[in-house]
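Trainee: Right, I'll just put the structure down here and ask away after.
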Amino acid sequence: MRIVVPVKQVPATDAVTMDPETGTMVRSAAASVINPLDLYALEAALRLRDSSGDGDVVALTMGPPPAEAVLREAVSLGCDRGILLSDTRFGGADTWATSRVLAAAIERLKPIDLVITGERATDGDTAQVGPGIAAWLDIPLATYVAHVTGVDGAAATVTVERLVEDGYQIVRLSTPALLTVVKEIAPLRLPTLDGVMRARRAEFERWGAVDLAVPAEELGLKGSPTRVVNIATPQVTREGETIDAGDEAGVAQAAVRIADLLEDAGVVR
Amino acid sequence: MSFVWTIAEHHAGRLREVALEVLGRGRPLADALGTRLAAVVIGHGITEQDTGRLIAHGADEVYVVDDPRLADFRCESYSGVLAHLIRTWSPEIVLAAATTSGRTLMPHLAIRVHAGLTADCTELAIEPDTGNLLQTRPAIGGNIMATIKTPRHRPQMATVRPHASRPPQPDPDRSGRVIAVPMDTQLEACLDDRTQVLGYRTDAADFANLEDADVVVTGGRGLKRKENFALLEELASRLGGEIGATREAVDRGWIGYPHQVGLSGKTISPRVYIGAGASGSIQHLAGIKTSERIVSINLDPDAPLHRVADVAVVGDLFEVVPALIAELDRRRGAARSGD
Ligand SMILES: Cc1cc2nc3c(=O)[nH]c(=O)nc-3n(C[C@H](O)[C@H](O)[C@H](O)COP(=O)(O)OP(=O)(O)OC[C@H]3O[C@@H](n4cnc5c(N)ncnc54)[C@H](O)[C@@H]3O)c2cc1C
Ligand SMILES: Nc1ncnc2c1ncn2[C@@H]1O[C@H](COP(=O)(O)O)[C@@H](O)[C@H]1O
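Protein chains in written order, with my numbering: chain Y, 274 to 542; chain R, -1 to 337.
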């Protein structure tokens, strides 16, 4: 079975601190990592490949050349192949144009059985690219997948549980299909020594606009319907009250103040 | 005449409250544009009472697509039906709630109709000169607010964060038109059987609907033991609230992943968030920034959660939470005897 996993490079949240004055994020420009939620997509793919006994997992990333680092990480975890989608014309893409390019690359990797993406990228936080790819490829989609409960190769179906607001929705999709997965899918593995060695030696194919045959007007900023017109840094507006509950009187005062706030919010039963 | 459309969620035979909230977000936009506001309901068993509620909450028109094959949310079929309706009626704006189904359906649909989409907006407004929709959303863990517009493509699509606003007051005297969309051959062709819904599992012992809760009481590593979540449950039960948890608490196996709040868990906007023994790491704050009010209970005066709290209690949660429960019970008792 062939599983494709699109992974994104994002700024490292560990490398981020809070500016105590403005309450905003201060990040070091250099530190980038694989989107932490994409590790769960890779994990799910590797497990499915291993239990099926054959096949390969292909990691894809669209980004500038340094994004190759996330492919190396994917290989160190056990991916078989990585492809970098990089072209200056891809720059400035919104989720429409991003999913366009990723879908075109997946077309080239056909026949495929599954595409597995992270739930969302922790920088843009849109969760739009996975469903977008499914729409472009016109394959069935299940988002927020918490468990894969069955893979039936003969019938070409996959059965999953989606984590939704009021429980799990159990759905069966015909494959090829696209899944976006949440953290509950499986605990993560660590890179193996063998994987790290392979990753160090790995060379990655690089595909650009000409390889993907996407019309220029559908690429990058030009192909993006949305435009960011303003970025504002919200000031921390909460003028909180601090209560020292270090002694009995303080504890009592805290209880009264919180109870007041709860009553004021109209949430006390 | 252009329209503002809202997607009204109807699941398991019930209209969802969130449908009314989205109407509340659409009403001022329709007024600013001088156009009509519509609700589109897709599902099965949609009643006159449902359409009546949508009208009372601001819809001028309600499009109803009712079919047994649409009883459950299936992205491809819903997206197919909506794409067809959008091509037929050409709305200017389409809004949906940023629920699990809204955040699945809308990006899929945006590709099908070649539209721009902004996720999880907290503010929407009409730009006076152009009539474009200004869509504002938190990005990078809530640390910046980005305003986005879609100048050339129609419709302009956005999902809005649930609970970021109250549903409007219903007006039972409002009138509106209900349009029953017939299941003709074109709509039939939009149904897609490659996805089959086999059922639901809602009995899961460790399940939490944090997204819809008015109050979320969250515990972190400061709770020290799995059993101590019972204390938070006691508090939450008096507030009709749900239990949230930090990643530390989840990773220690104290509570299940559906409770995790933050960057790699759920994003919530309750009326009140109470954090007890949670430090307020940047990843955790990313999930709670749009809470209406924040209460923090933590021994450490420098805990980052205190900094974003409306009431920051520097103290021991094992003293403060029981005292709070007692205070709530005392007030309830007093209110009873006062009746
Ligand atoms: C990529 C990534 C994603 C992440 N995603 C998430 C996420 O989604 N959600 C999340 O929560 N975290 C997430 N984290 C983890 C995050 O960085 C923190 O480690 C975590 O939030 C800390 O949890 P905590 O507040 O329970 O623990 P701690 O930071 O250890 O805080 C415990 C607090 O309890 C207080 N305390 C102790 N005893 C008491 C007492 N008796 N009374 C009152 N207070 C007491 C202490 O003063 C301390 O402040 C993520 C991290 C990474 C790198
Ligand atoms: N530039 C990219 N390259 C590869 N995969 C991506 C890219 N952007 C998004 N994805 C995938 O789409 C998922 C959702 O991202 P987003 O819609 O940006 O929140 C991520 O978890 C990745 O799996």
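Glycine included, each C-beta is placed from N, C-alpha and C at the ideal position. Only a predicted model underlies this, so the values are computations on that prediction, with no experimental measurement involved.
Between the region 113 to 131 of chain R and the region 388 to 401 of chain Y, can you find at least three pairs of beta-carbon atoms closer than 8 Å?
Mentor: Touching, per the Cβ criterion.
Trainee: Does the beta carbon of alanine 307 of chain R come closer than 7 Å to any beta carbon on chain Y?
Mentor: Yes, alanine 307 of chain R counts as interfacial toward chain Y.
Trainee: Report the three-state DSSP secondary structure of phenylalanine 227 of chain R (helix, strand or coil).
Mentor: Three-state result, phenylalanine 227 of chain R: helix.
Trainee: Measure the alpha-carbon distance for valine 248 of chain R versus tyrosine 255 of chain R and round it to whole angstroms.
Mentor: One C-alpha to the other measures close to 6 Å.
Trainee: List the whole-angstrom C-beta distance separating threonine 4 of chain R from alanine 36 of chain R, where the pair is believed to meet the contact cut-off of C-beta under 8 Å.
Mentor: Confirmed, about 7 Å.
Trainee: For glutamine 442 of chain Y, report the span of its beta strand (DSSP E) as first-last.
Mentor: Its beta strand (DSSP E) spans residues 440 to 447.
Trainee: Taking the alpha-carbon of aspartate 308 of chain R as reference, which of R/Ser262, R/Val270 and R/Ile323 has the nearest alpha-carbon?
Mentor: When only C-alpha atoms are compared, the closest one is R/Val270.
Trainee: According to DSSP, which residues form a beta bridge with methionine 235 of chain Y?
Mentor: Limits of chain Y in this structure are 274 at one end and 542 at the other, which puts residue 235 of chain Y out of reach.
Trainee: So isoleucine 276 of chain Y and arginine 322 of chain Y are in contact, right, with Cβ under 8 Å, and what is the actual spacing, rounded?
Mentor: With 8 Å as the limit, isoleucine 276 of chain Y and arginine 322 of chain Y qualify as a contact, their Cβ atoms being about 6 Å apart.
Trainee: Among Y/Pro449, Y/Gly355, Y/Thr448 and Y/Ala415, which has the Cα closest to the Cα of alanine 433 of chain Y?
Mentor: The identity of residue 433 of chain Y in the sequence shown is valine, whereas the question assumes alanine. Here the closest residue by C-alpha is Y/Ala415.
Trainee: Run through DSSP, which three-state label would histidine 8 of chain R get?
Mentor: Strand, per DSSP.
Trainee: Checking 7 Å against the spacing of the C-beta atoms, do isoleucine 84 of chain R and valine 111 of chain R come in under that value?
Mentor: Contact: yes.
Trainee: In this structure, does DSSP put methionine 181 of chain R in helix, strand or coil?
Mentor: Methionine 181 of chain R: coil per DSSP, three-state reduction.
Trainee: Where do the N-terminal and C-terminal ends of the beta strand (DSSP E) with proline 279 of chain Y fall, by residue?
Mentor: Residues 275 to 279.
Trainee: Would you say cysteine 188 of chain R faces chain Y, with C-beta separation under 7 Å as the test?
Mentor: Output row for cysteine 188 of chain R: interface = no.
Trainee: For tryptophan 409 of chain Y, decide whether its Cβ has a neighbour in chain R, counting only Cβ atoms nearer than 7 Å.
Mentor: Tryptophan 409 of chain Y counts as touching chain R.
Trainee: For the alpha helix (DSSP H) containing leucine 303 of chain R, name the first residue and the last one.
Mentor: Taken as a continuous stretch (DSSP letters only), the alpha helix (DSSP H) holding leucine 303 of chain R covers 302 to 305.
Trainee: Smallest Cα separation from aspartate 300 of chain R: which of R/Leu18, R/Ser279 and R/Val318?
Mentor: Closest by alpha carbon: R/Ser279.
Trainee: Examine ligand 2 and report whether any of its heavy atoms sits within less than 6 Å of the Cβ of asparagine 308 of chain Y.
Mentor: Because some heavy atom of ligand 2 lies under 6 Å away, the Cβ of asparagine 308 of chain Y counts as near it: yes.
Trainee: Report, in whole angstroms, the separation of the C-beta atoms of alanine 304 of chain Y and isoleucine 389 of chain Y, which I expect to be a contact under 8 Å.
Mentor: With a Cβ gap of about 26 Å, alanine 304 of chain Y and isoleucine 389 of chain Y do not count as contacting.
Trainee: Taking Cβ positions only, does valine 214 of chain R come closer than 7 Å to chain Y?
Mentor: By this cut-off, valine 214 of chain R is not an interface position.
Trainee: Go ahead and label glutamate 536 of chain Y buried or exposed: buried means 16 or more other beta carbons lie within 10 angstroms of its beta carbon, across all protein chains shown.
Mentor: With fewer than 16 other Cβ atoms within 10 Å, it is exposed.
Trainee: Is the region 7 to 23 of chain R in contact with the region 520 to 528 of chain Y, if contact means three or more CB pairs nearer than 8 Å?
Mentor: The region 7 to 23 of chain R, when compared against the region 520 to 528 of chain Y, does not touch it at the 8 Å Cβ threshold.
Trainee: Quick check on valine 283 of chain Y: buried or exposed, where buried means 16 or more other Cβ atoms within 10 Å of its Cβ?
Mentor: Classification of valine 283 of chain Y: buried, given that the 10 Å Cβ count is 16 or more.
Trainee: For glutamate 74 of chain R, report the span of its alpha helix (DSSP H) as first-last.
Mentor: 73 to 87 is the span of the alpha helix (DSSP H), which, as asked, contains glutamate 74 of chain R.
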